[in-house]
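Comments concern the structure below.
2 protein chains.
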Amino acid sequence: MAITMREVAVAAGVSIKTVSNVINNYPYIRPDTRERVLKSIEELGYQPNLSARGLRSGRTGVISLIIPDLKNAYFAELADAVMRAAAKHGLVVIIEQSGGKRERELEILHGPRMRMVDGVLYSVLGLGQEDAALIEIPTPMVLLGERIFNGPTDHVTMRNTEGAEAATEHLLSLGRSRVLAFGTHPNEVIGSAGLRLAGYRRALEARGLSYDEALAVNVQSWHRADGAAAMRGVLDSGLDFDGVVAFNDVIALGAMRVLQEAGRRIPEDVALIGFDDIDETRYTLPTLSTIDPGREEIAETAVRMLLERIESGGIPPREHEAQFRLVPRESTGTAAH
Amino acid sequence: MAITMREVAVAAGVSIKTVSNVINNYPYIRPDTRERVLKSIEELGYQPNLSARGLRSGRTGVISLIIPDLKNAYFAELADAVMRAAAKHGLVVIIEQSGGKRERELEILHGPRMRMVDGVLYSVLGLGQEDAALIEIPTPMVLLGERIFNGPTDHVTMRNTEGAEAATEHLLSLGRSRVLAFGTHPNEVIGSAGLRLAGYRRALEARGLSYDEALAVNVQSWHRADGAAAMRGVLDSGLDFDGVVAFNDVIALGAMRVLQEAGRRIPEDVALIGFDDIDETRYTLPTLSTIDPGREEIAETAVRMLLERIESGGIPPREHEAQFRLVPRESTGTAAH
DNA sequence: GGACAACTCTACAACGTTGGAAAGTTGAGC
DNA sequence: GCTCAACTTTCCAACGTTGTAGAGTTGTCC
Chain A
65 MAITMREVAV
75 AAGVSIKTVS
85 NVINNYPYIR
95 PDTRERVLKS
105 IEELGYQPNL
115 SARGLRSGRT
125 GVISLIIPDL
135 KNAYFAELAD
145 AVMRAAAKHG
155 LVVIIEQSGG
165 KRERELEILH
175 GPRMRMVDGV
185 LYSVLGLGQE
195 DAALIEIPTP
205 MVLLGERIFN
215 GPTDHVTMRN
225 TEGAEAATEH
235 LLSLGRSRVL
245 AFGTHPNEVI
255 GSAGLRLAGY
265 RRALEARGLS
275 YDEALAVNVQ
285 SWHRADGAAA
295 MRGVLDSGLD
305 FDGVVAFNDV
315 IALGAMRVLQ
325 EAGRRIPEDV
335 ALIGFDDIDE
345 TRYTLPTLST
355 IDPGREEIAE
365 TAVRMLLERI
375 ESGGIPPREH
385 EAQFRLVPRE
395 STGTAAH
Chain B
65 MAITMREVAV
75 AAGVSIKTVS
85 NVINNYPYIR
95 PDTRERVLKS
105 IEELGYQPNL
115 SARGLRSGRT
125 GVISLIIPDL
135 KNAYFAELAD
145 AVMRAAAKHG
155 LVVIIEQSGG
165 KRERELEILH
175 GPRMRMVDGV
185 LYSVLGLGQE
195 DAALIEIPTP
205 MVLLGERIFN
215 GPTDHVTMRN
225 TEGAEAATEH
235 LLSLGRSRVL
245 AFGTHPNEVI
255 GSAGLRLAGY
265 RRALEARGLS
275 YDEALAVNVQ
285 SWHRADGAAA
295 MRGVLDSGLD
305 FDGVVAFNDV
315 IALGAMRVLQ
325 EAGRRIPEDV
335 ALIGFDDIDE
345 TRYTLPTLST
355 IDPGREEIAE
365 TAVRMLLERI
375 ESGGIPPREH
385 EAQFRLVPRE
395 STGTAAH
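The listed protein sequences derive, respectively, from chains A and B.
One point on numbering: in this note's numbering, the residue at position 224 of the first sequence is 288, and numbering is uninterrupted.
One point on numbering: in this note's numbering, the residue at position 288 of the second sequence is 352, and numbering is uninterrupted.
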């Protein structure tokens, strides 16, 4: 059995509660008493039992991060950022993969694990506004991603529309006139795809150009292979285009590969920009221009907000939009050097 | 406050212990009693308090996975596989990133979090044999990766040497004669780099070829940018070669980009094979031949072994080597179709 | 030197669960 | 109808920690 406070207390010649007080930085302890207790803790190698602490205090020091899929580079990088942000506050992160499935997200949100964590960061994918009532769980929660729900929940989002607008304007400013919106989800308004499409349209409007539905390319699932398949379809259809605003990086990379195989030069024949700024975009050939959604800011803000909510209930719901950044690289002929 | 067993017990008209017995599948319960209890659990939405259970039973249902870095695709995919394997046994996984730093690995291994988990899967990177005593922790542990320690610990490893041998033989059988060992760590014997180099040499030997030290390319850190930088160095040096056995996929991809920029055709001028079979290798241009180290098998075996060790102490240390698989793709001119 | 505040430490009772063992019930076998 | 085993439920204590309340100790100020 491991060392408990009782043994530390005996060794230091104090009560158990005093040991607890030392550990929890209770201010009224004589320096030499504190000293003695710390020495015993050190010597015995005492480590607090977090289950007991959790039971007694109601706090476990664990938060949950619900994401669709860790194999997706965007979410792996998000998870990394969240874990680093959480570590700064002494929190551990349990990652739950939802696969973006509605059923699975509900299962996680209402499963027994929620009782084990102090709060949840939930990157919504499977649920929609019609499920708003279902996400009303007792555990403190901060939503990541888009503002899908109107409920009284904290949101930390990226500027999807503004980002996509900047990406599109970037291509237009380079003289491209037939730019694909690559990765649309028909009829979606409020998700990433809908918001990014809105930004794309806004950029066209700002230049007095009209929106051509033929240039909107549907890519249902934003994986590399789907991007490749969709671009193959576009090439087969004979559609004329000279620019691509891909709604995320991996479908951009899938498309890039197909374009290159087909002999289209990037950026000469087709200028291509992605969204997410995943690490890989810095090392492809050509390097991929993209929109950095402000991942670090998202992670730090979300953890901070969650902690505030855990520590004091009754905070009115807040919203934070992280600052995005256009990252020009070779795929739009605008690499930094 | 959340629902507790007490309230379920009152609702069902039984004692708390009977509720506990129902939940834990104690066999001697009358069917109608069980029925009533389950109904009350359902109606009240009872969920067990895992802290309390953990305190009482000593088990938390959480295991820890220590890996260097989640942004590294290999480890992201490993984490995914481990989480799925763990979920099958009702376990949650806490991921701890060590950055491959010795200090940080020790900190994690001896930190208070270890008290919160039932066991650890530890992907060793920073520690070495000289630290063998330091990994003797009370928490059940299974080591992943290479057999770095000789201590009494379970190991689940990949066949580094055999895999690298097969990769090298693959290039040799295609007629390549000057094949780089790309990613060596000088003087290392027992780590991945050392073992893979041994496989490379074994393949040469098997064909009666002698080992040329000039063809061993040092890449200290196995990241994409380091692979790119190292390949730039090779090209600058004017070294003559027609094949590359890269010791992992991302340095292979970094090198591939540099080779393409320099106008070398793959596989015509240089045949290239990696190691790890990360998802991305299926979508690059050209697709990358690689060695699948048997990730699923590693994850499932590791979780199973850990669980066995958690459930019954005193098991003699075991070792398991997962089966590897050569995955021929376009970068060696051997794509399946 | 008395009152009061500020400090320092401790006893006790929880938190919600499960292990152990006892108490109570049923039914089969003779 | 009695015995004994098998079944069913309950009682009690404990897991290791912290909140509450209070006891004891100083020290300051009039």
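For every residue, glycine included, the Cβ atom is placed at its ideal position computed from N, Cα and C.
Quantities reported herein were computed from a predicted structural model and do not represent experimental measurements.
I need the DSSP call for residue i, collapsed to helix, strand or coil.
{"i": "R389(B)", "result": "strand"}
{"i": "D341(B)", "result": "coil"}
{"i": "N282(B)", "result": "strand"}
{"i": "L336(A)", "result": "strand"}
{"i": "Q161(B)", "result": "strand"}
{"i": "T248(B)", "result": "strand"}
{"i": "E167(B)", "result": "helix"}
{"i": "D218(A)", "result": "strand"}
{"i": "H384(B)", "result": "strand"}
{"i": "T354(A)", "result": "strand"}
{"i": "I379(A)", "result": "coil"}
{"i": "I80(B)", "result": "helix"}
{"i": "Q233(A)", "result": "Position check: residue 233(A) holds Glu in this sequence, whereas Gln was assumed. Here E233(A) sits in helix by DSSP."}
{"i": "E274(B)", "result": "First, the residue type needs correcting, since residue 274(B) is Ser and not Glu in the sequence shown. Coil, per DSSP."}
{"i": "Y110(B)", "result": "coil"}
{"i": "I254(A)", "result": "coil"}
{"i": "P95(A)", "result": "helix"}
{"i": "L118(A)", "result": "The sequence given here places Gly at residue 118(A); Leu does not occur at that position. Helix."}
{"i": "T396(B)", "result": "helix"}
{"i": "I330(A)", "result": "coil"}
{"i": "N89(A)", "result": "coil"}
{"i": "A66(B)", "result": "coil"}
{"i": "F213(B)", "result": "coil"}
{"i": "G325(B)", "result": "In the sequence as presented, Gly is not what sits at residue 325(B); that position holds Glu. In this structure, E325(B) counts as helix in the three-state DSSP scheme."}
{"i": "T365(A)", "result": "helix"}
{"i": "N224(B)", "result": "helix"}
{"i": "V264(B)", "result": "Checking the sequence shown, residue 264(B) turns out to be Tyr, not Val. Y264(B): helix per DSSP, three-state reduction."}
{"i": "L299(A)", "result": "helix"}
Can you give me the Cβ contacts of residue i inside the same chain, cut-off strictly under 7 angstroms, excluding the 5 residues immediately before and after it?
{"i": "L370(A)", "result": "I127, G183, L185, P204 and V206"}
{"i": "R240(A)", "result": "D306, G307 and A335"}
{"i": "P250(B)", "result": "N282"}
{"i": "A257(B)", "result": "G247, T248, H249 and F311"}
{"i": "G263(B)", "result": "N224, T225, E226, G227, A228, E229 and T232"}
{"i": "N85(B)", "result": "I93"}
Note down, in chain order, each residue of its chain lying with its Cβ closer than 8 angstroms to the Cβ of residue i, except the 5 sequence neighbours on either side.
{"i": "L317(B)", "result": "R288, G291, G338, E344, T345, T348 and L352"}
{"i": "T217(B)", "result": "I199, M205, V206, L207 and P381"}
{"i": "R148(A)", "result": "A363"}
{"i": "R321(B)", "result": "A292"}
Could you check how far apart the C-beta atoms of residue i and residue j are, in whole angstroms? I think they sit under 8 angstroms.
{"i": "S162(A)", "j": "G190(A)", "result": "6 angstroms"}
{"i": "G118(B)", "j": "S121(A)", "result": "Not confirmed; about 14 angstroms, so no contact."}
{"i": "A150(B)", "j": "R179(A)", "result": "With 8 angstroms as the limit, A150(B) and R179(A) do not qualify as a contact, their Cβ atoms being about 18 angstroms apart."}
{"i": "E360(A)", "j": "A137(A)", "result": "Not quite, the Cβ-Cβ distance comes to about 16 angstroms (not below 8 angstroms), so this is no contact."}
{"i": "I130(B)", "j": "I172(B)", "result": "6 angstroms"}
{"i": "A143(B)", "j": "L134(A)", "result": "6 angstroms"}
{"i": "A245(B)", "j": "V309(B)", "result": "6 angstroms"}
{"i": "V156(A)", "j": "I158(B)", "result": "5 angstroms"}
Where DSSP assigns a beta bridge to residue i, which residues make up the other side?
{"i": "M205(A)", "result": "V184(A)"}
{"i": "T156(A)", "result": "It is worth fixing the name first, because residue 156(A) is Val in this sequence and not Thr. BP columns for V156(A) point to V126(A)."}
{"i": "V243(A)", "result": "G307(A)"}
{"i": "I131(B)", "result": "Q161(B)"}
Apart from the five residues on each side of it in sequence, which residues of its chain come closer than 6 angstroms, Cβ to Cβ, to residue i?
{"i": "I315(B)", "result": "G247, V283, W286 and G291"}
{"i": "R260(B)", "result": "N224, A228 and F311"}
{"i": "G209(A)", "result": "S187 and V188"}
{"i": "R389(B)", "result": "D356"}
{"i": "S104(A)", "result": "V72, A75 and A76"}
{"i": "R373(B)", "result": "P204 and I379"}
{"i": "V459(A)", "result": "Since the first residue shown for chain A is 65 and the last is 401, residue 459(A) is missing from the structure and cannot be characterised."}
Using a threshold of 7 angstroms, is the CB atom of residue i nearer than that to any non-hydrogen atom of the ligand GDP?
{"i": "K103(A)", "result": "Looking at this structure, you won't find the ligand GDP or any other ligand, since it has none at all."}
Sufficient close CB pairs (3 or more, under 8 angstroms) joining the stretch 75-83 of chain B to the stretch 353-364 of chain A: no
Touch test, the stretch 222-239 of chain A against the stretch 267-274 of chain A, Cβ-Cβ under 8 angstroms, three pairs minimum: yes
Cβ pair count under 8 angstroms reaching 3, the stretch 220-233 of chain B against the stretch 382-399 of chain B: yes
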